[in-house]
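Mapping of the sequence shown onto the numbering used here: position 61 corresponds to residue 66, and the numbering continues sequentially without gaps.
I have placed the structure first, in the form of structure tokens, so that the comments after it can refer back to it.
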Amino acid sequence: MTLCHTPCTSRKAGLVERGGATHDLPPAARVQRTVDGHLRYAQHHQAAYRALLTGGVGFDAEVMAIRDPVRARLLGTIALGAWGRTDLPPLARTALTGWLSGVEGVTLDRIAEQEVPRETVVALLVRGLGDTLRLIEEFEPACPAPPRSPV
């Protein structure tokens with residue numbers, strides 16, 4: 006399988022950069038903006054997004070070479086925003102990877118069906134991240150969850 010390394014990888018990496026570069030916003034707004042950008046990216050680049058997530062995942066080294074570093078950077082960006090550091094204890098990494106996998110699955114559903122408004126999907130995913138961070142705190146007190154933001 007051949008994927009577009011430069012345009013697709015740089016666009017997806019650019020999304021990570023934009024998510025981490027919104028320091029002027031409160032953390033919840035940064036997450037909301039990043040998740041919304043992720044959904045918009047997937048909508049505008051459906052074929053590349055689907056190929057990256059479903060085209061040989063687990064078997065295609067080229068796909069994994071693109072996907073895995075982007076996932077790692079996303080997890081680092083979340084950790085930096087939540088805890089001010091990028092090193093993740095194994096439990097936190099596992100839980101955040103689960104959340105991120107859910108984001109990818111929801112995004113695939115969203116671009117296929119578009120039955121749920123994007124704003125609602127964003128709210129669902131942002132709230133899910135908050136819940137994941139609170140769950141991590143229960144098991145890993147060194148990773149306290151940020152305060153809840155008003156809904």
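Cβ atoms here follow ideal geometry from the backbone N, Cα and C, with glycine treated the same way.
Cα-Cα separation between residue i and residue j, rounded to whole angstroms
i    : j    : result
T137 : A147 : 15 angstroms
G81  : L44  : 19 angstroms
D41  : P122 : 11 angstroms
P151 : T39  : 17 angstroms
V111 : E120 : 12 angstroms
L129 : R153 : 15 angstroms
V126 : L134 : 12 angstroms
V36  : A70  : 25 angstroms
R139 : R132 : 11 angstroms
V68  : D29  : 34 angstroms
Q51  : A117 : 9 angstroms
G107 : P94  : 20 angstroms
Which listed residue (the options) has its alpha carbon closest to that of residue i
i    : options                : result
L96  : E142, A33, T39, V68    : E142
P149 : G89, L105, L58         : G89
F144 : V131, A100, S106, E109 : A100
H49  : L113, L105, R76, R35   : L113
L105 : P31, D73, R35          : D73
L57  : R153, E109, V127       : E109
Y46  : E120, R115, R132       : R115
R78  : D92, G107, D65, T59    : D92
A34  : I83, A117, D65         : I83
V75  : A52, A117, T102        : T102
For residue i, the three-state DSSP class (helix, strand or coil)
i    : result
L138 : helix
A150 : coil
E145 : coil
E120 : coil
H49  : helix
V62  : Residue confidence is low: V62 scores 49 on pLDDT, short of 50, so the model does not pin down where it sits. No coordinate-derived value is stated.
L30  : coil
G89  : coil
P74  : helix
P94  : coil
Supposed close pair residue i, residue j - CB separation, criterion 8 angstroms
i   : j   : result
G86 : P32 : 5 angstroms
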